[in-house]
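*Asks:* The listed protein sequences derive, respectively, from chains Y and F. End of the first sequence = 252 in our numbering, gap-free, step of one. End of the second sequence = 252 in our numbering, gap-free, step of one.
Number of protein chains: 2
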Amino acid sequence: VRTVEVKKGILSKNDRLAKRLRQRYEEAGVFTLNLVSSPGTGKTELLQRTLRELSDRGLKVAALVGDLQTDNDALRLQKSGAPVRQITTSGLCHLEAQMVEDHLQDWDLANLDFLFVENVGNLVCPSSFDLGEQLRIALLSVTEGEDKPLKYPPIFSSAHLAIITKADLAEPCEFQAQLAHDNIRSVHPDIAILTTSARTGQGFTEWLDYLIRQRQAWLEEKKGAATV
Amino acid sequence: VRTVEVKKGILSKNDRLAKRLRQRYEEAGVFTLNLVSSPGTGKTELLQRTLRELSDRGLKVAALVGDLQTDNDALRLQKSGAPVRQITTSGLCHLEAQMVEDHLQDWDLANLDFLFVENVGNLVCPSSFDLGEQLRIALLSVTEGEDKPLKYPPIFSSAHLAIITKADLAEPCEFQAQLAHDNIRSVHPDIAILTTSARTGQGFTEWLDYLIRQRQAWLEEKKGAATV
Numbered sequence: 025v026r027t028v029e030v031k032k033g034i035l036s037k038n039d040r041l042a043k044r045l046r047q048r049y050e051e052a053g054v055f056t057l058n059l060v061s062s063p064g065t066g067k068t069e070l071l072q073r074t075l076r077e078l079s080d081r082g083l084k085v086a087a088l089v090g091d092l093q094t095d096n097d098a099l100r101l102q103k104s105g106a107p108v109r110q111i112t113t114s115g116l117c118h119l120e121a122q123m124v125e126d127h128l129q130d131w132d133l134a135n136l137d138f139l140f141v142e143n144v145g146n147l148v149c150p151s152s153f154d155l156g157e158q159l160r161i162a163l164l165s166v167t168e169g170e171d172k173p174l175k176y177p178p179i180f181s182s183a184h185l186a187i188i189t190k191a192d193l194a195e196p197c198e199f200q201a202q203l204a205h206d207n208i209r210s211v212h213p214d215i216a217i218l219t220t221s222a223r224t225g226q227g228f229t230e231w232l233d234y235l236i237r238q239r240q241a242w243l244e245e246k247k248g249a250a251t252v
Numbered sequence: 025v026r027t028v029e030v031k032k033g034i035l036s037k038n039d040r041l042a043k044r045l046r047q048r049y050e051e052a053g054v055f056t057l058n059l060v061s062s063p064g065t066g067k068t069e070l071l072q073r074t075l076r077e078l079s080d081r082g083l084k085v086a087a088l089v090g091d092l093q094t095d096n097d098a099l100r101l102q103k104s105g106a107p108v109r110q111i112t113t114s115g116l117c118h119l120e121a122q123m124v125e126d127h128l129q130d131w132d133l134a135n136l137d138f139l140f141v142e143n144v145g146n147l148v149c150p151s152s153f154d155l156g157e158q159l160r161i162a163l164l165s166v167t168e169g170e171d172k173p174l175k176y177p178p179i180f181s182s183a184h185l186a187i188i189t190k191a192d193l194a195e196p197c198e199f200q201a202q203l204a205h206d207n208i209r210s211v212h213p214d215i216a217i218l219t220t221s222a223r224t225g226q227g228f229t230e231w232l233d234y235l236i237r238q239r240q241a242w243l244e245e246k247k248g249a250a251t252v
């Protein structure tokens, strides 16, 4: 019981901070996404291409990346030219709102259109921690097996979109797309699912259009709320 | 500080239970292994073939498998003919010694040569929880990227053996074996590394020989200790 109380304590503190972050993002007009998946699903690879292609469309993007150790991912993502910062959790298995806030410090959020937060690779723990994002995106690679949504439901049920990654490896992995879709929808019936390959670019037009459309809808909703 | 104290409290309780389990395994002469990796690295696939091939060699094997939800893995492993039980953690991100003890209840351990415990797919949290095993085995698939040991050091530094899995997919994944070895050894310099494919059987002779040799050494060490 004691541990449960403490966990609730951590969560409600995190929820307060996440709410504050969400307000900050709304005021700045920066659409923020929290990318969650297993280690090795290809979050950084997807993000690398996403940052580059959104920049090419004239949008201003930035990223925070979480890992237990190393700044490998930040170095990879900085190649896109976008501002990127590494959050090193020193052993913690997920990002918390406080860490995000600490790493945003001197960034001018009002000068950004999109902020991507790449969580620690973990299909369990990040699902409990709101980072103030507008959308949570759960990734599943074709190499992981179609049953992961059934075994790890909270990540998929708390996400707004599921992306199947590494589609170029579907054939050697004997990936059963329909089964994966059915499994994702059995834990989250109405979720949208995209299929991508950051290597070949498959699915990226759809993914970027999705991002831009979602941000547009959010901006209009904010404007509507302001005039009511 | 309070959360740290509570975490220490959970760990020391777990450590006490793990010690008790370890004694039980020693008395029964059952060599116990704890398999840890990301979700989708192929723990179950490796185990399925391992149970079958060890049985074919006349050894008595059993398995416990951990997941947040579903008994998919137990059903898959039961096909080997070995006794298998599913541990469903209901959301918890790792196995604890108590769960293992609860699921061993009426099994006659003295009638077993090997007990495999497949942990929840998670490259972070299981590293902190001793399950009383003789050996901890960390798996890394060729699909996950060579940098995972650098980003998630505790799992690899606390393991006794590293197994690279899904070797049949090395080519389409452009897997750099030497880099992966170097990264594993940079967090755990003297660790043994095996390369396997449960699909093709690659590396299984070496893996089974390793298991049998390790168990033999452990039995002899126990005997030695008893006669001193």
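Quick reminder that beta carbons are idealized off the backbone N, C-alpha and C, glycines included.
Note the first and the last residue of the continuous alpha helix (DSSP H) segment covering Ser114(F).
*Replies:* It is not in any alpha helix (DSSP H) - Ser114(F) carries neither H nor E in the DSSP assignment.
*Asks:* What residues in the stretch 190-208 of chain F bring their beta carbon closer than 9 Å to a beta carbon of chain Y?
*Replies:* Listed in sequence order: Lys190, Asp192, Leu193, Glu195, Pro196, Cys197.
*Asks:* Determine the direct distance from the alpha carbon of Arg109(Y) to that of Ser36(Y), and round the result to whole angstroms.
*Replies:* Distance between the alpha carbons of Ser36(Y) and Arg109(Y) is about 26 Å.
*Asks:* Scan the stretch 95-113 of chain F for residues whose Cβ lies nearer than 7 Å to a Cβ of chain Y and list them as they occur along the chain.
*Replies:* Of all residues in the stretch 95-113 of chain F, Asn96 have a Cβ within less than 7 Å of some Cβ in chain Y.
*Asks:* Closer than 8 Å, Cβ to Cβ, to anything on chain F: give me those residues from the stretch 140-170 of chain Y, in chain order.
*Replies:* From the stretch 140-170 of chain Y, only Val144, Gly145, Asn146, Leu147, Val148, Cys149, Ser165, Thr167, Glu168, Gly169 have a Cβ closer than 8 Å to chain F.
*Asks:* So, are the CB atoms of Phe138(F) and Phe55(F) less than 8 Å apart?
*Replies:* In contact: Phe138(F) and Phe55(F) (Cβ atoms closer than 8 Å).
*Asks:* First and last residue of the beta strand (DSSP E) that includes Ile161(F)?
*Replies:* Note, Ile161(F): beta strand (DSSP E), 159-165.
*Asks:* Counting only the same chain and skipping the five closest in sequence on each side, list residues whose C-beta sits under 6 Å from that of Glu69(Y).
*Replies:* Closer than 6 Å at the Cβ level, and outside the excluded window around Glu69(Y), lie Ala222.
*Asks:* Specify, as a first and last residue, the run of the beta strand (DSSP E) that Thr189(Y) falls within.
*Replies:* 185-189 is the extent of the beta strand (DSSP E) around Thr189(Y).
*Asks:* Taking 8 Å as the threshold (C-beta atoms), are Leu218(F) and Leu193(F) in contact?
*Replies:* Result no, Cβ atoms of Leu193(F) and Leu218(F) do not sit closer than 8 Å.
*Asks:* What residue from Ala162(Y), Asp39(Y), Lys84(Y) has the CA that sits closest to Asn58(Y)'s CA?
*Replies:* The residue with the shortest Cα to Cα distance from Asn58(Y) is Ala162(Y).
*Asks:* Mapping the DSSP letters down to three states, classify Asp132(Y) as helix, strand or coil.
*Replies:* Residue state, collapsed to three classes: coil.
*Asks:* Buried or exposed, going by whether 16 or more other CB atoms sit within 10 Å of the CB of Val25(F)?
*Replies:* Caution is warranted here: a pLDDT of 45 is assigned to Val25(F), below 50, making its placement in the model unreliable, and the coordinate value is therefore given only provisionally. Per the 10 Å Cβ criterion, exposed.
*Asks:* Could you tell me whether the Cβ of Leu59(Y) comes closer than 8 Å to any Cβ of chain F?
*Replies:* For Leu59(Y), the answer is no, since every Cβ of chain F falls outside 8 Å of its Cβ.
*Asks:* Using only the alpha-carbon positions, how far apart do Met123(F) and Asp206(F) sit?
*Replies:* Cα-Cα distance, rounded: 35 Å.
*Asks:* Please tell me whether Ser62(F) has its Cβ less than 8 Å away from any Cβ of chain Y.
*Replies:* Ser62(F) counts as touching chain Y.
*Asks:* Does the beta-carbon of Glu198(Y) have 16 or more other beta-carbons within 10 angstroms, so that it is buried, or is it exposed?
*Replies:* Looking at its Cβ environment, which holds fewer than 16 other Cβ atoms inside 10 Å, Glu198(Y) is exposed.
*Asks:* Let me check one thing: in DSSP terms, what residues is Phe140(F) bridge-paired to?
*Replies:* BP columns for Phe140(F) point to Leu57(F), Ala87(F).
*Asks:* Using a Cβ cut-off of 8 Å, pull out every chain Y residue sitting near Pro177(F), in sequence order please.
*Replies:* Per Cβ cutoff of 8 Å: Leu92, Gln93.
*Asks:* For the 8 Å Cβ check, are there 3 or more pairs between the stretch 94-114 of chain F and the stretch 208-216 of chain F?
*Replies:* Judged by Cβ distances under 8 Å, the stretch 94-114 of chain F makes no contact with the stretch 208-216 of chain F, as fewer than three pairs qualify.
*Asks:* Taking the Cβ atom as the reference point for each residue, do Arg46(Y) and Gly156(Y) lie within a distance shorter than 8 Å?
*Replies:* Cβ distance < 8 Å, so Arg46(Y) and Gly156(Y) count as in contact.
*Asks:* Taking the alpha helix (DSSP H) that Leu203(F) belongs to, which residues open and close that run?
*Replies:* Here the alpha helix (DSSP H) through Leu203(F) covers 201-211.
*Asks:* Grab the span of the beta strand (DSSP E) containing Thr219(F) for me, first residue to last.
*Replies:* Residues 216-219.
*Asks:* Does chain Y have any CB closer than 8 Å to the CB of Gly82(F)?
*Replies:* Not an interface residue.
*Asks:* Counting only Cβ pairs nearer than 8 Å, list the residues of chain Y close to Leu174(F).
*Replies:* Going along chain Y in sequence order, the residues near Leu174(F) (Cβ under 8 Å) are Gln93, Thr94, Asn96.
*Asks:* Ends of the alpha helix (DSSP H) at Lys247(Y)?
*Replies:* Residues 228-251.
*Asks:* Please report the residue range of the alpha helix (DSSP H) in which Ala98(Y) lies.
*Replies:* Its alpha helix (DSSP H) spans residues 96-102.
*Asks:* For Leu48(Y), which residues from the same chain have a beta carbon less than 7 Å from its beta carbon, with the 5 sequence-adjacent residues on both sides left out?
*Replies:* The sequence shown places Arg at residue 48(Y), not Leu. Contacts found: Leu133.
*Asks:* Does any residue of chain Y bring its CB to less than 8 Å from the CB of Gly248(F)?
*Replies:* So, not an interface residue.
*Asks:* Report buried or exposed for Thr74(F), applying the criterion of at least 16 other Cβ atoms within 10 angstroms of its Cβ.
*Replies:* Buried is the call here.
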